[in-house]
Amino acid sequence: MSDNLEVDVYWSFRSPWSYLATRRLRQWQEQYQLQVNFKPVYPIAVRTPEFFHSVNPLWFPYVLDDMIRVAEFLELPFVWPNPDPVNQYIDDEGLRQTAEDQPHIQRLTHLGILAAELGKGIEFADEISSLIWSGEVDWTEGNNFADATKRAGLNLVDMEGRLAAENGRLEAVVEQNQLDHTAAGHWGVPTCVFNGEPFFGQDRLDVLLWRLKKEGLVER
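Here the sequence shown stands for residues 53 to 272, numbered as in the numbering used here.
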């Protein structure tokens, strides 16, 4: 077939599972006649902060161990980021709370929207999430972020110059992405949607690729 197939990817800069999926999605876009439509949303810690109040206490230790295991399986570096893209703290009752002050996540998400509009969404997601989650450097220090943006084929100075002027519009795009995400049939990230069918989680990418090939996906 001559036309690209398209997959919408709902994705968060604070999601380790999004990071663990992104390299494969970028590679697919390069290898196959496939367009990956990058649709960043806010993480569940921002969208639904009370989520952390009701999970089983065993949830976080197991999930952290599983993240490390999956990263090793995929041969990707993995360290919980410092600083965390979302500022959270443990309150006096032992509950995980999302702080009012959030210096990173809106900027990251809005830059992701701009990157998608500039045609480099999944490339930006891959380079920036690798910077944030690899633990190799402090992702906020020096030229690290600008260099990662450049590797994605974008100019950070130009993009940041648009943030303040377009804040309202960019926030509206994020909100629409979140509505579309819900309408697609899931709440978690990463969720890939092909022809209205959602595939949640990095562990469903093989199933998604199978579906795409059934629908005529071919190599470039």
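Every residue gets a Cβ at the ideal spot worked out from N, C-alpha and C, and that includes glycine.
- Taking PHE104 as reference, the option from GLN149, ALA123, THR74, TRP69 with the minimal CA-CA separation is GLN149.
- Measuring C-alpha to C-alpha distances from LEU147 to each of PHE112, ALA217, ALA235 identifies PHE112 as the nearest.
- Counting the other Cβ atoms within 10 Å of the Cβ of LEU116 gives fewer than 16, which makes it exposed.
- It is roughly 11 Å from the alpha-carbon of LEU260 to the alpha-carbon of TRP80.
- In the structure shown, GLU58 falls within a strand segment according to DSSP collapsed to helix, strand and coil.
- The continuous beta strand (DSSP E) containing PHE90 extends over residues 86-92.
- Around the beta carbon of ARG272, fewer than 16 other beta carbons lie within 10 angstroms, which makes this residue exposed.
- Between PRO92 and ALA168, the gap from beta carbon to beta carbon is short of 9 Å.
- The DSSP-derived three-state label of GLN83 is helix.
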